[in-house]
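Here the sequence shown is numbered in the working numbering, starting from 52 and rising by one per residue. Take a look at the structure below.
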Amino acid sequence: IERIEAALALVRKFLDWERALRRLDELNARVEDPGLWDNPKAAEEVMRERRRLEAAIGAVNTIVLIGSSLTMALAVRASKTGERSQLVTFLILTLVLGSIFLGVKVFEYAEKFTHHLVPGEHFQFHDAALKNGAAIYFSLYFGMTGLHATHMIFGGFVLVPLIVMAARGKFSPAWYTPIELFGLYWH
52 IERIEAALAL
62 VRKFLDWERA
72 LRRLDELNAR
82 VEDPGLWDNP
92 KAAEEVMRER
102 RRLEAAIGAV
112 NTIVLIGSSL
122 TMALAVRASK
132 TGERSQLVTF
142 LILTLVLGSI
152 FLGVKVFEYA
162 EKFTHHLVPG
172 EHFQFHDAAL
182 KNGAAIYFSL
192 YFGMTGLHAT
202 HMIFGGFVLV
212 PLIVMAARGK
222 FSPAWYTPIE
232 LFGLYWH
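Structure (C-alpha coordinates):
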(Lines of atoms letter the chains of each structure in order from A and count residues from 1; the text may use other names and numbers.)
(Lines give C-alpha, C1' and ligand atoms only; values in the text may rest on other atoms or scores of the structure.)
Protein backbone atom coordinates (compact mmCIF):
# COMPACT_ATOMS: atom_id res chain seq x y z
CA ILE A 1 0.00 0.00 0.00
CA GLU A 2 2.83 2.43 0.81
CA ARG A 3 4.36 1.89 -2.63
CA ILE A 4 1.01 2.54 -4.28
CA GLU A 5 0.49 5.74 -2.26
CA ALA A 6 3.98 6.92 -3.19
CA ALA A 7 3.34 6.16 -6.87
CA LEU A 8 0.01 8.00 -6.77
CA ALA A 9 1.62 11.02 -5.11
CA LEU A 10 4.22 11.05 -7.87
CA VAL A 11 1.56 10.82 -10.57
CA ARG A 12 -0.45 13.65 -8.97
CA LYS A 13 2.62 15.84 -8.68
CA PHE A 14 3.69 15.11 -12.25
CA LEU A 15 0.31 15.67 -13.84
CA ASP A 16 -1.09 18.56 -11.78
CA TRP A 17 -4.39 18.02 -13.60
CA GLU A 18 -6.41 20.37 -11.51
CA ARG A 19 -4.41 23.46 -12.48
CA ALA A 20 -4.29 22.54 -16.18
CA LEU A 21 -8.01 21.80 -16.33
CA ARG A 22 -8.86 24.99 -14.43
CA ARG A 23 -6.78 27.01 -16.94
CA LEU A 24 -8.53 25.31 -19.84
CA ASP A 25 -11.89 26.23 -18.28
CA GLU A 26 -10.73 29.86 -18.04
CA LEU A 27 -9.69 29.86 -21.69
CA ASN A 28 -13.00 28.29 -22.74
CA ALA A 29 -14.88 31.01 -20.85
CA ARG A 30 -12.86 33.65 -22.70
CA VAL A 31 -13.61 31.99 -26.05
CA GLU A 32 -17.33 32.21 -25.24
CA ASP A 33 -17.00 35.97 -24.54
CA PRO A 34 -18.19 37.80 -27.70
CA GLY A 35 -15.99 40.81 -26.83
CA LEU A 36 -12.87 38.68 -27.31
CA TRP A 37 -13.49 38.44 -31.04
CA ASP A 38 -13.45 42.23 -31.40
CA ASN A 39 -9.70 42.04 -30.82
CA PRO A 40 -8.29 39.52 -33.34
CA LYS A 41 -4.82 39.56 -31.78
CA ALA A 42 -6.18 38.70 -28.31
CA ALA A 43 -8.49 36.05 -29.80
CA GLU A 44 -5.57 34.38 -31.60
CA GLU A 45 -3.49 34.43 -28.40
CA VAL A 46 -6.29 32.73 -26.42
CA MET A 47 -6.84 30.13 -29.14
CA ARG A 48 -3.09 29.42 -29.41
CA GLU A 49 -2.80 28.88 -25.63
CA ARG A 50 -5.92 26.73 -25.65
CA ARG A 51 -4.53 24.50 -28.42
CA ARG A 52 -1.18 24.25 -26.60
CA LEU A 53 -2.87 23.27 -23.35
CA GLU A 54 -5.13 20.71 -25.06
CA ALA A 55 -2.08 19.21 -26.80
CA ALA A 56 -0.22 19.04 -23.47
CA ILE A 57 -3.16 17.32 -21.76
CA GLY A 58 -3.40 14.88 -24.68
CA ALA A 59 0.34 14.17 -24.53
CA VAL A 60 0.28 13.53 -20.79
CA ASN A 61 -2.78 11.32 -21.20
CA THR A 62 -0.89 9.34 -23.84
CA ILE A 63 2.00 8.90 -21.39
CA VAL A 64 -0.51 7.71 -18.74
CA LEU A 65 -1.93 5.20 -21.23
CA ILE A 66 1.52 3.90 -22.17
CA GLY A 67 2.36 3.77 -18.46
CA SER A 68 -0.64 1.52 -17.87
CA SER A 69 0.59 -0.74 -20.63
CA LEU A 70 4.02 -0.88 -18.98
CA THR A 71 2.60 -1.67 -15.55
CA MET A 72 0.51 -4.45 -17.09
CA ALA A 73 3.58 -5.93 -18.80
CA LEU A 74 5.42 -5.75 -15.45
CA ALA A 75 2.45 -7.50 -13.78
CA VAL A 76 2.69 -10.33 -16.31
CA ARG A 77 6.42 -10.62 -15.59
CA ALA A 78 5.80 -10.62 -11.83
CA SER A 79 3.20 -13.38 -12.22
CA LYS A 80 5.68 -15.49 -14.22
CA THR A 81 8.38 -15.08 -11.56
CA GLY A 82 6.03 -15.59 -8.60
CA GLU A 83 6.52 -12.13 -7.09
CA ARG A 84 3.09 -11.70 -5.55
CA SER A 85 3.53 -8.25 -3.98
CA GLN A 86 4.87 -6.85 -7.24
CA LEU A 87 2.03 -8.50 -9.16
CA VAL A 88 -0.59 -6.88 -6.91
CA THR A 89 1.18 -3.51 -7.03
CA PHE A 90 1.46 -3.48 -10.82
CA LEU A 91 -2.15 -4.59 -11.30
CA ILE A 92 -3.36 -1.80 -8.99
CA LEU A 93 -1.16 0.74 -10.81
CA THR A 94 -2.61 -0.46 -14.12
CA LEU A 95 -6.12 0.11 -12.79
CA VAL A 96 -5.22 3.54 -11.40
CA LEU A 97 -3.54 4.70 -14.62
CA GLY A 98 -6.44 3.38 -16.71
CA SER A 99 -8.86 5.28 -14.46
CA ILE A 100 -6.84 8.50 -14.82
CA PHE A 101 -6.95 8.08 -18.60
CA LEU A 102 -10.72 7.60 -18.53
CA GLY A 103 -11.17 10.59 -16.22
CA VAL A 104 -9.40 12.83 -18.71
CA LYS A 105 -11.54 11.42 -21.52
CA VAL A 106 -14.68 12.30 -19.53
CA PHE A 107 -13.40 15.87 -19.21
CA GLU A 108 -12.60 16.02 -22.96
CA TYR A 109 -16.02 14.63 -23.87
CA ALA A 110 -17.79 17.12 -21.59
CA GLU A 111 -15.94 19.96 -23.26
CA LYS A 112 -16.93 18.74 -26.73
CA PHE A 113 -20.57 18.42 -25.65
CA THR A 114 -20.50 21.92 -24.10
CA HIS A 115 -19.21 23.40 -27.37
CA HIS A 116 -21.69 21.40 -29.52
CA LEU A 117 -18.96 19.43 -31.25
CA VAL A 118 -20.92 16.19 -31.15
CA PRO A 119 -22.17 15.33 -34.64
CA GLY A 120 -25.92 15.34 -34.92
CA GLU A 121 -28.78 17.78 -34.80
CA HIS A 122 -27.04 20.33 -32.54
CA PHE A 123 -23.55 20.16 -34.09
CA GLN A 124 -21.95 23.59 -34.47
CA PHE A 125 -18.63 24.47 -36.06
CA HIS A 126 -17.21 27.97 -36.35
CA ASP A 127 -16.28 27.65 -40.05
CA ALA A 128 -19.24 26.78 -42.29
CA ALA A 129 -16.92 25.71 -45.13
CA LEU A 130 -15.35 23.06 -42.88
CA LYS A 131 -18.50 21.97 -41.05
CA ASN A 132 -19.08 18.72 -42.98
CA GLY A 133 -15.45 17.65 -42.70
CA ALA A 134 -15.44 18.54 -39.01
CA ALA A 135 -18.59 16.46 -38.48
CA ILE A 136 -16.86 13.45 -40.07
CA TYR A 137 -13.75 14.03 -37.95
CA PHE A 138 -15.73 14.24 -34.69
CA SER A 139 -17.80 11.18 -35.67
CA LEU A 140 -14.57 9.21 -36.05
CA TYR A 141 -13.12 10.75 -32.88
CA PHE A 142 -16.10 9.74 -30.74
CA GLY A 143 -16.38 6.34 -32.42
CA MET A 144 -12.73 5.41 -31.88
CA THR A 145 -12.22 6.92 -28.45
CA GLY A 146 -15.63 5.66 -27.29
CA LEU A 147 -14.76 2.11 -28.35
CA HIS A 148 -11.40 2.41 -26.59
CA ALA A 149 -13.02 3.79 -23.43
CA THR A 150 -15.52 0.90 -23.43
CA HIS A 151 -12.61 -1.54 -23.82
CA MET A 152 -10.88 0.04 -20.81
CA ILE A 153 -14.03 0.11 -18.66
CA PHE A 154 -14.60 -3.61 -19.21
CA GLY A 155 -10.90 -4.14 -18.54
CA GLY A 156 -11.24 -2.32 -15.22
CA PHE A 157 -14.08 -4.65 -14.20
CA VAL A 158 -11.88 -7.66 -15.00
CA LEU A 159 -8.84 -6.18 -13.24
CA VAL A 160 -10.56 -5.93 -9.85
CA PRO A 161 -11.11 -9.71 -9.40
CA LEU A 162 -7.61 -10.37 -10.78
CA ILE A 163 -6.18 -8.05 -8.11
CA VAL A 164 -8.15 -9.89 -5.41
CA MET A 165 -7.02 -13.27 -6.73
CA ALA A 166 -3.40 -12.09 -6.91
CA ALA A 167 -3.55 -10.76 -3.34
CA ARG A 168 -4.86 -14.15 -2.20
CA GLY A 169 -1.95 -15.92 -3.90
CA LYS A 170 -3.98 -17.68 -6.59
CA PHE A 171 -1.28 -17.19 -9.26
CA SER A 172 2.12 -18.80 -9.42
CA PRO A 173 4.88 -19.43 -11.98
CA ALA A 174 3.06 -22.69 -12.69
CA TRP A 175 -0.31 -20.96 -13.37
CA TYR A 176 -0.59 -17.34 -14.43
CA THR A 177 -2.70 -17.77 -17.57
CA PRO A 178 -5.45 -15.28 -16.57
CA ILE A 179 -2.85 -12.56 -16.00
CA GLU A 180 -1.13 -13.22 -19.31
CA LEU A 181 -4.43 -13.32 -21.22
CA PHE A 182 -5.58 -10.11 -19.59
CA GLY A 183 -2.22 -8.54 -20.47
CA LEU A 184 -2.92 -9.34 -24.12
CA TYR A 185 -6.38 -7.78 -23.78
CA TRP A 186 -5.03 -4.63 -22.10
CA HIS A 187 -2.45 -3.98 -24.80
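Glycine residues also receive a C-beta, built at the ideal position from the N, C-alpha and C atoms.
Buried/exposed call for residue i, threshold 16 Cβ in 10 Å
| i | result |
| --- | --- |
| residue 226 | exposed |
| residue 90 | exposed |
| residue 187 | exposed |
| residue 146 | buried |
| residue 234 | buried |
| residue 125 | buried |
| residue 232 | exposed |
| residue 123 | buried |
| residue 228 | exposed |
| residue 107 | exposed |
Separation of residue j from residue i, as counted between CA atoms
| i | j | result |
| --- | --- | --- |
| residue 96 | residue 175 | 22 Å |
| residue 219 | residue 153 | 28 Å |
| residue 117 | residue 183 | 33 Å |
| residue 93 | residue 101 | 12 Å |
| residue 120 | residue 143 | 12 Å |
| residue 127 | residue 166 | 42 Å |
| residue 169 | residue 212 | 35 Å |
| residue 177 | residue 197 | 24 Å |
| residue 195 | residue 173 | 21 Å |
| residue 98 | residue 210 | 40 Å |
| residue 190 | residue 113 | 21 Å |
| residue 141 | residue 180 | 49 Å |
| residue 238 | residue 109 | 19 Å |
| residue 151 | residue 111 | 11 Å |
| residue 105 | residue 158 | 11 Å |
| residue 192 | residue 224 | 41 Å |
| residue 171 | residue 137 | 47 Å |
| residue 185 | residue 115 | 27 Å |
Integer Cβ distance of residue i from residue j, believed to fall under 8 Å
| i | j | result |
| --- | --- | --- |
| residue 149 | residue 203 | 5 Å |
| residue 222 | residue 130 | 5 Å |
| residue 206 | residue 236 | 6 Å |
| residue 214 | residue 139 | 6 Å |
| residue 200 | residue 156 | 5 Å |
| residue 217 | residue 135 | 7 Å |
Notebook entry, point to check: Of all the beta strand (DSSP E) runs that stay within the bounds of the stretch 144-216, which reach a length of 3 or more residues?
Noted result: none
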